[in-house]
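**Student:**
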Amino acid sequence: MRHPNKVEGYETLEDLAKAVGNMSYDKVSEFLEKLAEDIERQADADYQRGRVKLSSKLYKTSKRLHRSKNSMDEAWKICKPYME
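This is the structure:
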């Protein structure tokens, strides 16, 4: 199987989500950016294979993850002065 159903070290996706969500917002932002980049990489590969419908959805997902990253950056700007 090319795509695993879980992340090693986490019993459930809920546990993984909580672990990411509990990180500082600057690190959550960084995670979202890396995820967006990886989804875009997959979209590029699927597009090259002629999977236009799939790649289109993946590109859209990547774009929305980048927007989420930008929103998290704004949250970090608000919180940062209180984190030091």
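Our numbering puts the sequence shown at residues 4 to 87. Each residue gets a CB set at the ideal place from its N, CA and C atoms; glycine is no exception.
Within this structure, are the beta carbons of residue 68 and residue 35 separated by less than 8 Å?
**Tutor:** Result yes, Cβ atoms of residue 68 and residue 35 sit closer than 8 Å.
**Student:** Drop a sphere of 10 angstroms on the beta-carbon of residue 46, count the other beta-carbons inside from all chains shown, and report buried for 16 or more, exposed for fewer.
**Tutor:** With 16 or more other Cβ atoms within 10 Å, it is buried.
**Student:** Extract the residue ranges of the alpha helix (DSSP H) inside the region 17-76, only unbroken runs of 4 or more that lie entirely within it.
**Tutor:** With a minimum length of 4 residues, the continuous alpha helix (DSSP H) runs that stay inside the region 17-76 are 28-51.
**Student:** Going by other Cβ atoms of all chains shown within 10 Å of its Cβ, with 16 needed for buried, is residue 72 buried or exposed?
**Tutor:** Under this definition residue 72 is a buried residue.
**Student:** Do residue 65 and residue 43 count as a contact pair if the criterion is CB distance below 8 Å?
**Tutor:** Cβ atoms of residue 43 and residue 65: closer than 8 Å.
**Student:** Are the region 22-38 and the region 51-58 in contact at 8 Å, needing three or more beta carbon pairs?
**Tutor:** No, the region 22-38 is not in contact with the region 51-58.
**Student:** Using only the alpha-carbon positions, how far apart do residue 49 and residue 12 sit?
**Tutor:** Computed Cα separation, rounded: 29 Å.
**Student:** In chain order, what residues of the same chain have a beta carbon less than 6 Å from the beta carbon of residue 38, not counting five sequence neighbours either side?
**Tutor:** Same-chain partners within the cutoff: 68.
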